[in-house]
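Visitor:
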Amino acid sequence: MKSLRGSLVMAMTAGALLILPMSNTRVTRVVSRAAGSQETDPKQIYGPQQKEFWLSADEFGYIRPGLNITVNSVSIGADGKAVVDLNYTDDLGQPLDRQGAITAGAISTSFILAWWDPNGRQYTAYTTRKQTSPITGVTATQAGTDSGGHFTDIDLGHATYKFGTAVPAGYDTTATTTLGIYATRDLITPGISDKNYYANVEQDFVPNGASVSQVWDMIDTNSCNKCHDPLSAHGGARRDVKLCVLCHQPQTIDPDTGNTVDFKVMIHKIHMGENLPSVQAGTPYQIIGFQQSVNDYSTVVFPQDIRNCDTCHGAANASTPPPTQSANWYTYPNRAACQSCHDDANFATGANHPGGVQVDDSACATCHQPQGTLEWDPSVMGAHTVPYKSTQLKGLNAQIVSVSNATPGQTPTVAFQLTQNDGSVVLPASLGSNLNLLMGGPTADYAINPFRENASAATAGVGGAFNYTFTHPIPSNATGTWTFSIEARRTVNLDPAPSDSSTFTEAAFNPIFDVSVDGSAVASRRVVVQLANCNVCHGRLALHGGQRLNTQECVICHNPNASDVARRPADQGSPESIDFKRMIHRIHTGENLVQNYTIYGFGNPPSVNTFNDVRFPGDRRDCQKCHTTDANGVGTEQVSETPPPGLLATQTLRDWYTPMQHYAAACLGCHDSQAAAAHAVTMTATFPGTGTLAEACATCHGPDGAFSVDQVHAR
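Position in the sequence shown (first residue = 1) + 72 = the working numbering.
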């Protein structure tokens, strides 16, 4: 190609004419958007949360986004070397040049070959490498990718690859063998694209040509992506769990630490993180990887109960079936999997294992049956019972029936019901100090710490309800809609019980009841996040002693004026804002924060909650992972030129400036640098003569702005 510099090269593909003026800088291309069409609009294919949506027609035609690989065939020849026939296409199904000369973006492709043992339920890779530790001097044979192979290009987007690695003589031609492919299309193009594309393929086959009957199907990658969004490792190209397990098997260890990278062990340990017995005893859990990078998982905190095994092993969502081998975790107990979490158990000596010494896995299922008769018995499912799912809990439900006398200056009376799941009544007095009613307002933006009063002395009312009259009146200047809620919990003694606690705090879901205090139409609080979205990662969001379960109640307290002033010691400086929109963004930004974010909470002395070590497992640009959409389908993370009336500024005494207007407080929750704050404060204006503050954010960041929220967060 270098000899053609300055000339014009033309090539015809399926439905596309490509004109390539060659230069020593880069190749520019004009290509069709699809076979037979020049007018494909990326906005018809992609959503606004995807970078491709924002490409111009010319940029879209140049890039031809996407990377898809189709394996047409795979076979192992007489020389023991596998040959793969494959196609590369973009998102429109058009062929891509593997070398990036005719279409944009060279594609690098790696291949793995492994055979599946259905009895041992593990892979063993044929493609291996040797790794010598500069720390220990130990040399380990590790599963890896093929080397020494070569491509043969047949036509545009179509090639064959012959492995350099030969399978061993006498290999099992009847065993299910899996070809794994991961590929990266390098499309980082200054001024046009800052995104690469990845593709993973796993192709099962039997070398002797028989039909495939035994396959690996234990975990759905979509289950991982509920939190990881998306799962990506080793530079981002490896994204399918099935691809991962081709290498992450017992045959591979880290020679630097001696730790296995067997998937079932490594993943359990990573998710246990700081709760591993070994970590709590002072030994960090580390894997030393590529170029001697130290990967320390000792600070990982799993955001839900680790005993929720179905979170990873079960169906990814209600509309999809679970993997066909999803039951393996409780039907095939083994020492490696169990010891990965319970890593203080020593099967060689019997220490910390009630069953004593176990030299192999043959006796595991004798005690650890799939399901026993009692919760927290030795059965696998029983031992992993999640306390809030215990059948010993009778359920605690709270409902507000009505609110009367709810006008400014008056003390409102709340009629409410407390029941168990069978409908039986729970007496308020039985909950004592653990039954509180609260009221706050207005819903446009909660402005005060809510009035919270113990309601255990409520009197019997009509229809099984109880009545409680607040001692605090609604403020005389109150307007709009005010919200009432209930916090009810009780301690339940569990028998049998898990080893970590013999009691559980059972709590009622916090009901929300809105009342207009001035005769205006009832206006419920806007719904910005969906609790169901929180619980995708958290399982069951339960805070402050397990009694606050509803994000619509959280915002009553966590309002723009709220801070930790009542808990923060005087020598720790100004109070920290706990406004929900700012606090949640800061917590989830965690280790990527510029500033310290520490909240002082309940306890004596006050608890110190520092969030700068939080390791968020997903991509924070995916705003709708937490946010919901409004009635028009517009995400609630959007910036509006006409924001809802009544929004308050957030008091941010520990930040770069205070107060912060509504949108600034939300955006600077993640973007907490001084430069970002300077931008936000510059874009906040005071109208002369009124003192009214207004934000100009929507000018650039509104849905139609040049830097809309969707566009700057697009992935």
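The C-beta atom is built at its ideal place from N, Cα and C for all residues, glycine as well.
1. Between Asp218 and Thr245, which are expected to be in contact by the criterion C-beta below 8 Å, what is the C-beta distance as a whole number of angstroms?
2. Out of curiosity, what's the CA-to-CA distance linking Ser283 and Ala247?
3. Threshold first: 4 residues or longer. Then list the alpha helix (DSSP H) segments lying entirely within the region 582-662, N to C.
4. Could you give the C-beta distance for Leu720 and Pro632, rounded to a whole number, given that I count them as a contact under 8 Å?
5. The ligand GDP heavy atoms versus the CB of His385: any closer than 7 Å?
6. Would you mind listing the alpha helix (DSSP H) stretches within the region 327-400 that are 4+ residues and don't spill past its ends, in chain order?
7. Between which two residues does the alpha helix (DSSP H) harbouring His734 extend?
8. State buried or exposed for Asn96, treating a residue as buried only when at least 16 other CB atoms are found within 10 Å of its CB.
9. Between which two residues does the alpha helix (DSSP H) holding Glu131 run?
10. Alpha carbon to alpha carbon, what distance is there between Tyr160 and Gln110?
11. Between the beta-carbon of His660 and the beta-carbon of Val686, is there less than 8 Å?
12. Quick check: what's the CA-CA separation for Ser205 versus Gly361?
13. Exposed or buried, Asn582, counting other C-beta atoms within 10 Å across all chains shown (16 or more means buried)?
14. Are three or more beta carbon pairs between the region 349-363 and the region 435-444 nearer than 8 Å?
15. Can you give me the C-alpha to C-alpha distance between Gly209 and Gly330, rounded to a whole angstrom?
16. Mind checking whether Glu559 and Gln619 have CB atoms under 8 Å apart?
17. Determine the DSSP secondary structure at Val666, reduced to helix, strand or coil.
18. Helix, strand or coil for Tyr118? Go by DSSP, reduced to three states.
19. What distance in whole Å lies between the Cβ atoms of Leu251 and Val155, which are believed to be in contact at a cut-off of 8 Å?
20. Quick check on this structure: which residue in Trp554, Phe235, Gly705, His616 has the alpha carbon closest to the alpha carbon of Ala593?
21. Report the three-state DSSP secondary structure of Gln746 (helix, strand or coil).
22. Mind checking which residues open and close the beta strand (DSSP E) that includes Gln275?
23. By a C-beta neighbour count over all protein chains shown, 10 Å radius and 16 as the cutoff for buried, is Leu139 buried or exposed?
24. Using a Cβ-Cβ cutoff of less than 6 Å, which residues in the same chain neighbour Arg379 once the five nearest sequence positions on both sides are dropped?
25. Considering just the uninterrupted stretch of the alpha helix (DSSP H) at Arg407, what are its terminal residues?
26. From Ile264 to Asp586, what does the alpha carbon distance come to, in whole angstroms?
27. So, helix, strand or coil for Val781, using DSSP?
28. Look at the alpha carbon of Gly673 and the alpha carbon of Asp643, and state the distance between them as a whole number of angstroms.
29. Using 8 Å as the Cβ pair cut-off and three pairs as the minimum, do the region 651-671 and the region 265-272 touch?
30. Consult DSSP for Val103 and reduce its assignment to one of helix, strand or coil.
31. How long is the line joining the alpha carbons of Val784 and Gly741, rounded to whole angstroms?
32. From Thr670 to Ser646, what distance separates their C-alpha atoms?
33. So the candidates are Met755, Arg639, Tyr735; which of them puts its Cα closest to the Cα of Ser712?
34. For Met453, which three-state DSSP category applies?
35. Below 7 Å CB to CB, which residues in the same chain sit around Val601 once its five sequence neighbours on both sides are set aside?
36. Would the region 368-375 count as touching the region 336-352 if we require 3 or more Cβ pairs under 8 Å?
Guide: In short, the structure shows the following:
1. So it is not a contact: roughly 19 Å between Cβ atoms.
2. Going from the Cα of Ser283 to the Cα of Ala247 covers about 11 Å.
3. 603-610, 623-629, 652-661
4. Cβ atoms of Leu720 and Pro632 come within 8 Å of each other, at about 4 Å.
5. The ligand GDP is not among the ligands present in this structure, which contains no ligands whatsoever.
6. Complete alpha helix (DSSP H) runs here, min 4: 335-344, 349-352, 382-385.
7. 734-742
8. The predicted model places Asn96 with a pLDDT of 30, which falls under 50 and marks its position as unreliable; any figure quoted below should be read in that light. The residue is exposed, with fewer than 16 neighbouring Cβ atoms inside 10 Å.
9. 129-135
10. Below a pLDDT of 50, predicted positions are generally treated as unreliable, and Gln110, at 46, falls in that range; the measurement from the model is reported next regardless. Distance between the alpha carbons of Gln110 and Tyr160 is about 21 Å.
11. yes
12. 10 Å
13. buried
14. no
15. 11 Å
16. yes
17. coil
18. coil
19. No, Val155 and Leu251 are not in contact; Cβ-Cβ is about 10 Å, not under 8 Å.
20. Trp554
21. The three-state secondary structure of Gln746, taken from DSSP, is helix.
22. 269-277
23. buried
24. His456, Val458
25. 407-413
26. 50 Å
27. Helix.
28. Between the alpha carbons of Gly673 and Asp643 lies a distance of about 15 Å.
29. In short, these stretches do not touch, since the Cβ pair count stays below three.
30. For Val103, the pLDDT reaches just 38, beneath the cut-off of 50, and the residue's location in the model is therefore unreliable, leaving the point undetermined.
31. 16 Å
32. Taking the straight line joining both Cα atoms gives about 11 Å.
33. It is Tyr735 whose Cα lies nearest to the Cα of Ser712.
34. helix
35. Thr623, Cys698, His699, Thr700
36. yes
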